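Quick note on my numbering: the sequence shown kicks off at 4 and runs consecutively. Positions of the beta carbon are idealized from the N, C-alpha and C atoms, including for glycine. Here the structure is a predicted model, which means the values were calculated and not measured.
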Amino acid sequence: MPATAWPSAVEADLPRLIEIRRHLHAHPELAFEEFETSKLVQRELAGLGLEVRAGLAKGTGVVAVLRGTAPGASGKDARAVALRGDMDALPIHEETGLPYASTIPGKMHACGHDAHTTMLLGAARVLSRHRDRLQGSVVFCFQPAEEGGGGGRYLVDEGALDDPACAAAFALHGFPNLPVGHVAVKPGVAQAASDSLRIKVLGVGGHGAAPHKSVDPIVLSARVIEALQGVVSREVNPVDSAVVTVGAIHGGEAGNVIPPSVEMKGTIRSLDEAVRRQVHAAVKRTVELTCAAGGGKAEVLVHDGYPVLTNDPGASRFALETARELFGAPKVHELPVPSMGGEDFAYYLQKVPGAFIRVGVATREAYPGLHHPAYDFTDAALGVGVALFCRLAERFLAEGFGEAD
Ligand code: NI
């Protein structure tokens, strides 16, 4: 079988994979609650001849190892490669109207992790039939809690990449900005550090008709939000990138009462560690001093979330070449700019080189974006992802990232 035959080698599995994907889509589970999803994954892996470890990453994580049987596969120089799929859904009410739409109000697979899990299962099925082509081991990482819980960090800390020792890791993610059949990689810095922000503005409550006897935290909050707009626009070097968003604000109950405090929540994104620290400090100073100027106080908590995701240059080139080989150059794109989205595959890439690869899902113009209540991972893209996973593994185990540098 030539390398380019992988897309046809996965075709026989597609009807079953579509069934699995739609079942997962209809039964979404939130971060660290992927109990049924985890059971389904274990059921599907049973019988494939893999070494399966379950109960990882606070309970739902599953890691399965496939040992290749090609000559050299069990030698001491044999490589191992990790492939990752995330399993969790989002607290969003689905509005797709699809026959397999979420059956659980307020929960949906709006980021396509139903499909990421399915593509990884597909790769396990197909590669287990072709283990004679694998000159090493493939480690399938079914990970909980990508959406904020940092499930990837748990899996990595629990040794998912250690036994066998993985020399590379790859993950796929649906990409609504590209048509089905297309693939893209952003070499280098690809996804932002994603940190959470909590602010409590402390004033002095009182009668709405007597503001002079109060310190109005609502007015202070308005100034704080306005002042925060200057952090990125006036303090960060214009050639660097950062985002400060206040996404939630809660304060007050009645129109004629000045409340004692207001709480806000936000997110801070950056693509560089120095900029990240600069923005954190500037946000803290801006909030505290703006509140102090009005006679109030502030509590500011910035919590480090996912680190910057950096695609290894060699792994990126390898992934792009591999995709071109399978799907043809016109369908494979090197993305020029990173995303300000966060992604906990960053933890894997802090440990081993690899690449986070985008798989097109758009079937029309203005396809709904990730986390949109109308987002759905397109079934026709499943085969693309499975074939790509298979060939990435086969080729990496045989050649590594290749010589060119
Ligand atoms: Ni996602």
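How should residue i be labelled, buried or exposed, when 16 other C-beta atoms within 10 angstroms of its C-beta is the threshold for buried?
| i | result |
| --- | --- |
| Gly-388 | buried |
| Asp-408 | Legend: pLDDT at Asp-408 = 43, less than 50; position of this residue unreliable, value from coordinates given subsequently. So Asp-408 counts as exposed. |
| Phe-38 | exposed |
| Val-142 | buried |
| Val-227 | buried |
| Pro-108 | exposed |
| Val-247 | buried |
| Ser-236 | exposed |
| Gly-78 | exposed |
| Glu-47 | buried |
| His-253 | exposed |
| Ala-296 | exposed |
| Leu-304 | exposed |
| Asp-80 | exposed |
| Ala-170 | buried |
| Val-242 | exposed |
| Thr-72 | exposed |
| Ala-127 | buried |
| Leu-43 | buried |
| Pro-214 | exposed |
| Asn-240 | exposed |
Secondary structure at residue i, three-state DSSP: helix, strand or coil?
| i | result |
| --- | --- |
| Asp-408 | Legend: pLDDT at Asp-408 = 43, less than 50; position of this residue unreliable, value from coordinates given subsequently. Residue state, collapsed to three classes: coil. |
| Ile-23 | helix |
| Arg-410 | Residue coverage of the chain in this structure runs from 4 to 408, which leaves residue 410 outside it and unanswerable. |
| Cys-169 | coil |
| Asp-347 | coil |
| Leu-130 | helix |
| Gly-78 | coil |
| Phe-380 | coil |
| Glu-229 | helix |
| Gly-160 | According to the sequence provided, residue 160 is Asp. The question's Gly does not apply to it. Helix, per DSSP. |
| Ala-8 | helix |
| Glu-14 | helix |
| Asp-89 | strand |
| His-215 | helix |
| Glu-342 | Looking at the sequence provided, one finds Ser at residue 342 rather than Glu. Residue state, collapsed to three classes: strand. |
| His-30 | coil |
| Thr-120 | helix |
| Gly-125 | helix |
| Leu-59 | strand |
| Val-222 | helix |
| Gly-155 | helix |
| Ala-257 | coil |
| Val-192 | strand |
Taking the alpha helix (DSSP H) that residue i belongs to, which residues open and close that run?
| i | result |
| --- | --- |
| Val-355 | First-last for Val-355: undefined, no H or E at that position. |
| Glu-328 | 316-330 |
| Glu-397 | 385-402 |
| Thr-289 | 276-296 |
| Glu-39 | 38-48 |
If I follow the unbroken beta strand (DSSP E) through residue i, where does it start and stop?
| i | result |
| --- | --- |
| Arg-272 | 264-273 |
| Gln-138 | Where Gln-138 is concerned, there is no enclosing beta strand (DSSP E), given that its DSSP letter is neither H nor E. |
| Arg-237 | From DSSP, Arg-237 is part of no beta strand (DSSP E); its letter is neither H nor E. |
| Val-303 | 300-309 |
| Ala-245 | 245-253 |
| Ile-95 | First-last for Ile-95: undefined, no H or E at that position. |
| Ala-196 | 196-205 |
| Leu-51 | No beta strand (DSSP E) holds Leu-51; DSSP gives it neither H nor E. |
| Leu-2 | Nothing about residue 2 can be read from this structure; the chain reaches only from 4 to 408. |
| Gly-64 | 64-70 |
| Val-186 | 186-188 |
| Glu-337 | 335-337 |
State yes or no: is the C-beta of residue i nearer than 7 Å to some heavy atom of the ligand GDP?
| i | result |
| --- | --- |
| Leu-231 | The ligand GDP is absent from the structure shown, which contains only the ligand NI. |
Does any C-beta atom of chain C lie closer than 8 Å to the C-beta of residue i?
| i | result |
| --- | --- |
| Asp-379 | Annotation note: the requested chain C is absent from the structure, which comprises a single protein chain. |
Taking one C-beta from the segment 106-121 and one from the segment 390-401 each time, how about it: are there three or more such pairs within less than 8 Å? no
Does the segment 289-308 touch the segment 200-212, meaning 3 or more C-beta pairs lie closer than 8 Å? The segment 200-212 and the segment 289-308 touch, with no fewer than 3 CB-CB distances between them shorter than 8 Å.
For the structure I just gave you, are there three or more beta carbon pairs, one from the segment 100-120 and one from the segment 371-382, closer than 8 Å? Segments in contact, yes.
In chain order, what residues place their C-beta within less than 6 Å of a heavy atom belonging to the ligand NI? Cys-114, His-116, Glu-149, His-176
Three Cβ pairs or more, each shorter than 8 Å: is that satisfied between the segment 253-271 and the segment 171-187? no
Please determine if the segment 131-145 and the segment 70-89 are in contact, where contact requires at least 3 C-beta pairs separated by less than 8 Å. Counting Cβ pairs under 8 Å, three or more are found: they touch.
Decide if the segment 213-229 is in contact with the segment 359-372; the criterion is three or more beta carbon pairs, one per stretch, under 8 Å apart. no
Assess, as a yes-or-no matter, whether the segment 270-277 is touched by the segment 317-329 under the definition of 3 or more beta carbon pairs within less than 8 Å. no
Three or more C-beta pairs below 8 Å linking the segment 338-353 and the segment 155-166: yes
Touching by the beta-carbon criterion (3+ pairs, under 8 Å), the segment 22-38 and the segment 60-73: yes
Is it the case that the segment 352-359 contacts the segment 208-218, given that we only count it when at least three CB pairs across the two stretches are under 8 Å? no
For the pair the segment 180-192 and the segment 88-106, tell me if three or more CB-CB distances fall below 8 Å. no
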